[in-house]
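If you're matching them up, the sequences are chains P and Z in order.
Under the working numbering, read the first sequence as residues 613 to 1272, first letter to last.
Under the working numbering, read the second sequence as residues 58 to 211, first letter to last.
Below is one structure; the comments refer to it alone.
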Amino acid sequence: MITEFGHYALVTALFAALIQSTVPLVGAARGDGAWISAAKPAAIVQFVLVAIAFAALTQAYVTSDFSVNNVYENSHSMKPMIYKVTGVWGNHEGSLLLWVLILALFGCCLALFSRRLPPSLMARVLAVQGMIGVGFLAFILFTSNPFLRLPHAPLDGTGLNPLLQDPGLALHPPFLYLGYVGFSVAFSFAIAALLEGRVDAAWARWVRPWTMAAWAFLTIGVGLGSWWAYYELGWGGWWFWDPVENASFIPWLSGTALLHSVIVVEKRDTMKAWTVFLAIVTFSLSLLGTFLVRSGVLTSVHAFATDPARGVFILILLILVAGGSLALFASRGPALKSTGLFQPISREGGLLLNNLLMSAAAAVVLLGTLYPLFLDAIGGAKVSVGAPFFNSVFFPIMTPMAAAMAVGPLLAWKRGDLFPALKKLWAAFVMTAAAVIATWSFHSDGPPIGLLGMGLAAWLFTGTLVEFAERAKLARVPLLESFKRMAHFSGASWGMTLAHLGLAVAIAGMAGAGSWKVESIQVMKPGDSVDVAGYQYTFNGARQRQGPNYSSTVGSFTVREDGREIVTLQSEKRVYPVRNMPTTEAAIHTMFLGDLYAVIGDPDKDVEGGFITRLYYNPFVVWLWAGGLIMVLGAALSVADRRYRIGAPAHRRQAATAKV
Amino acid sequence: MKRLVLALILCLAAVNAVAVNPDEVLDDPVLEARAREISKGLRCLVCQNQSIDESGASLAKDLRILVRERLVAGDSNEQVIDYVVSRYGDFVLLKPRFKSYTLALWLGPVLIVGLGLLAVIIFFRRRTSAAAAAPAPLSKAEKKRLKALMNGES
Chain P
613 MITEFGHYAL VTALFAALIQ STVPLVGAAR GDGAWISAAK PAAIVQFVLV AIAFAALTQA
673 YVTSDFSVNN VYENSHSMKP MIYKVTGVWG NHEGSLLLWV LILALFGCCL ALFSRRLPPS
733 LMARVLAVQG MIGVGFLAFI LFTSNPFLRL PHAPLDGTGL NPLLQDPGLA LHPPFLYLGY
793 VGFSVAFSFA IAALLEGRVD AAWARWVRPW TMAAWAFLTI GVGLGSWWAY YELGWGGWWF
853 WDPVENASFI PWLSGTALLH SVIVVEKRDT MKAWTVFLAI VTFSLSLLGT FLVRSGVLTS
913 VHAFATDPAR GVFILILLIL VAGGSLALFA SRGPALKSTG LFQPISREGG LLLNNLLMSA
973 AAAVVLLGTL YPLFLDAIGG AKVSVGAPFF NSVFFPIMTP MAAAMAVGPL LAWKRGDLFP
1033 ALKKLWAAFV MTAAAVIATW SFHSDGPPIG LLGMGLAAWL FTGTLVEFAE RAKLARVPLL
1093 ESFKRMAHFS GASWGMTLAH LGLAVAIAGM AGAGSWKVES IQVMKPGDSV DVAGYQYTFN
1153 GARQRQGPNY SSTVGSFTVR EDGREIVTLQ SEKRVYPVRN MPTTEAAIHT MFLGDLYAVI
1213 GDPDKDVEGG FITRLYYNPF VVWLWAGGLI MVLGAALSVA DRRYRIGAPA HRRQAATAKV
Chain Z
58 MKRLVLALIL CLAAVNAVAV NPDEVLDDPV LEARAREISK GLRCLVCQNQ SIDESGASLA
118 KDLRILVRER LVAGDSNEQV IDYVVSRYGD FVLLKPRFKS YTLALWLGPV LIVGLGLLAV
178 IIFFRRRTSA AAAAPAPLSK AEKKRLKALM NGES
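Here is the structure:
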């Protein structure tokens, strides 16, 4: 009964979205206040209805109602409660419902919190949001309905994929979707701006926090995914350039470009058309990511062709959104006149360079991801494009980017001077040299990329601190005065400093983990010891343990450094009987400079009591995620910046529209 | 990343995420290091986008052993890779070779960055010419009006 109620709510939500996408738009075109004012209630009603539908599906999962096909196929009565709940989005239909829920949530937040928006702009933004909602609600109802019943309820479900029964992967999709869908707000603002024919500082100030929030969520989502891969796959890898990872990384790259170009629009009233274009592209890439993952096209172009209903629907949706908005951009974009002028060497120039390299990186990753599909679709040769390709094209683009990041913020707006800026960076030159020499002395036999990465990290980290000290006039005015200056720094400027520092930390993590990982694979009997990077791992033996819905072999390792005991690691190999599938739970001890990492494998066939064990020392790897968290913290400070919530520019804007 | 899972199931379902096994490892550490390096560039054909170095599938294991056999037989890295390609085709390479049908893949990045730079240069060229032309000289009527204003003020 509750399931049918949820189904009904979802159908009604489609109608609410239809109203939201049409009535306000007509109202804005005609200047009819009554029609315009339909936007807000429609957005709120749509959210409430989708939330009811989502709650109904969750209820079916929590109570293990196996008469619902979706629950039967993806759940099991023995599953722990938390994975019954997260299992709601651990499948195609449920995850799309989550997608729409988040979309409706953003629409609802826009309606509730953006009271200062001029009514016609608001109406148009919400209408565009409504259109996206119509597309996805129709997609769910016509091709991926989670509320369908089975004629005879089975006794139990077929269970959730054990790999998804993990906190990291349970939270990964919601954050990813908050990011993907968050970019829809920037997209809707871009379309609304094209319809209104104006983009100004006030517009940029509305778009900026939304974009920043979406970017932060996407950063968390991508980070959670790579963290999960690190501890779950059992060999310390954290990034594979897999098409599915790339699908979320490409919008992250273009989103990063977008949140920098919006700054230029806000501060200098230029790069407007480009920013609108980027907003359209970023959301289109988010949709493309959804398409790639949801249509099955990645597994095989042919699989996609044999069961095309879902794939074709979402492909049409993608073409409508991207094609329609780009056509609108082509006709209206050139009319967006920019006024601010600047020299190539200037703050704007630096941000432009960021945009150039970030967009190029996004395009290159997109090219590599789609190339095999494209070649296959036109009947060409079958090729594989994997990590070695991406590494060889991605890093040459990102290295100059990170190098320039230390310089850009030191340049003045409009017209900057390169040499004074470089002179201020003397400390960064010193630290870079120190980092490279120190790295060399420890890892002279390591790959050169490790040296480059550590040098780059030191350069960016120190450079960012230099810029911060410059602004605070540290050591040039009394300390108290400097602190006073810092206290007056805006949230956005603190955010910039933190985010750039975070990237420096993450680069050090990538360089370290990618260059000097130490691995040891062997058969060990209880009592055996192995030396890994100066740490003695002693195998204490393995025992059986019974989990809630799995049984596991727990291998225990004691790690010592120079005879001093550091930690005892407990690594698990679980078997989930419902799906008869094993998973690995690596045992990890994180230290400042590296992780101790142990994995227990199968019992050895030949050695009595022996187990295959994999032991690792993963240097600096935690810096990767620590850096990501610092970046997210920076974004959060920027979103919290008071200036984006108080109304000074908004009032001016309202006055301007009132005059017209 | 989430659907990476689905891809991985194909590989992980049969064997757990154990890639290189102790019984495969060569005694000579130099040869073993070369084998690992080569393995990272070869695709596990039944997996989605995984190298044989990472994969637990039995086919990957066969390939890893094959690579090591060739190395022990005295092949150079290139010879090993050529041998594997001759048996399994170009599909096995994770970094495609430069060929007619990968032309766009390899030239694409250069082209993308090049066109981007070109666009930026054109942008600045136009800007400077626009800036030079920006303050349009006053028209006759404007000059007249300006003169009148100045006179009126003084």
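We treat Cβ as the ideally placed atom computed from N, Cα and C, and that holds for glycine.
Keep in mind that this is a model prediction, so the values were computed, not measured.
Per the coordinates, the alpha-carbon of L195 of chain Z lies some 44 Å from the alpha-carbon of E1079 of chain P. Taking the C-beta atoms as reference points, V1187 of chain P is found no nearer than 9 Å to G771 of chain P. Here the alpha carbon of P653 of chain P sits roughly 40 Å from the alpha carbon of L968 of chain P. In this structure, the beta-carbon distance from L715 of chain P to L622 of chain P does not fall below 9 Å. Under the 10 Å beta carbon count, E705 of chain P is surrounded by 16 or more other beta carbons and is classified as buried. Among the residues facing chain P, V170 of chain Z is included, as its CB has a counterpart in that chain under 9 Å away. Short of 6 Å from the beta carbon of E1184 of chain P, and not among the five residues preceding or following it, lie these beta carbons of its own chain, in chain order: S1164, V1166, E1197. Following the DSSP letters along the chain, one finds D119 of chain Z inside the alpha helix (DSSP H) bounded by residues 115-129. Listed along chain P are L987, G992, A993, V995, each with a C-beta nearer than 9 Å to that of Y158 of chain Z.
The beta carbons of S1105 of chain P and R820 of chain P sit no closer together than 9 Å. Close partners of P153 of chain Z in chain P (Cβ separation under 8 Å): V995, S996, V997, F1001. With a beta-carbon spacing of about 19 Å, L940 of chain P and S873 of chain P fall beyond the 8 Å limit used to define contacts. Of all residues in the segment 86-112 of chain Z, only K97, G98, R100, Q105, N106, Q107, S108, E111 come within less than 8 Å of chain P when Cβ atoms are compared, listed by chain position. Contact between the segment 793-800 of chain P and the segment 885-899 of chain P is present: 3 or more CB-CB pairs across the two stretches fall below 8 Å. G991 of chain P carries a coil assignment under DSSP once its states are collapsed to helix, strand and coil. Inside the segment 703-779 of chain P, DSSP marks no whole beta strand (DSSP E) run of 3 or more residues.
By alpha-carbon distance to V924 of chain P, the top candidate from P:K884, P:K949, P:G747, P:L987 is P:G747. For D84 of chain Z, the nearest beta carbon of chain P is not closer than 9 Å to its own beta carbon. G908 of chain P and L788 of chain P have their C-alpha atoms some 19 Å from each other. Counting the other CB atoms within 10 Å of its CB gives A655 of chain P a total of 16 or more, which places it among the buried residues.
With respect to the C-alpha of G1062 of chain P, the residue from P:K1129, P:D1218, P:H1100 having the closest C-alpha is P:K1129.
Taking a Cβ-Cβ cut-off of 8 Å, V137 of chain Z has no neighbours in chain P, whose nearest Cβ is about 15 Å from it. With contacts defined as CB atoms closer than 9 Å, F1073 of chain P and L1110 of chain P fail to qualify as a contacting pair. When DSSP states are grouped into helix, strand and coil, D139 of chain Z belongs to the helix group. V1234 of chain P is positioned such that its CB atom lies no closer than 9 Å to that of D1253 of chain P. Of all residues in the segment 1109-1137 of chain P, only I1133, Q1134, V1135 come within less than 7 Å of chain Z when Cβ atoms are compared, listed by chain position. For a cut-off of 8 Å, the C-beta gap from L713 of chain P to V680 of chain P is around 18 Å, too long to register as a contact. With 16 or more other CB atoms across the displayed protein chains lying within 10 angstroms of its CB, G998 of chain P is buried.
Fewer than three beta-carbon pairs drawn from the segment 1054-1071 of chain P and the segment 1087-1097 of chain P are found closer than 8 Å, and the two stretches are therefore not classed as touching. Under a criterion of Cβ atoms nearer than 9 Å, the residues of chain P adjacent to G165 of chain Z are, in order, A975, V976, L979, G980, Y983, V1005. In the DSSP assignment, N1230 of chain P falls within the beta strand (DSSP E) that extends over 1223-1231. Here the C-alpha atom of P1021 of chain P lies approximately 40 Å from the C-alpha atom of L929 of chain P. Listed along chain Z is no residue with a C-beta nearer than 7 Å to that of L753 of chain P; the closest approach is about 23 Å. In terms of Cα proximity to A668 of chain P, the closest of P:W647, P:Q1182, P:L710 is P:L710. Take the alpha-carbon of S115 of chain Z and the one of Y145 of chain Z: they are about 16 Å apart. In the three-state DSSP reduction, F1151 of chain P falls in the strand class (E or B).
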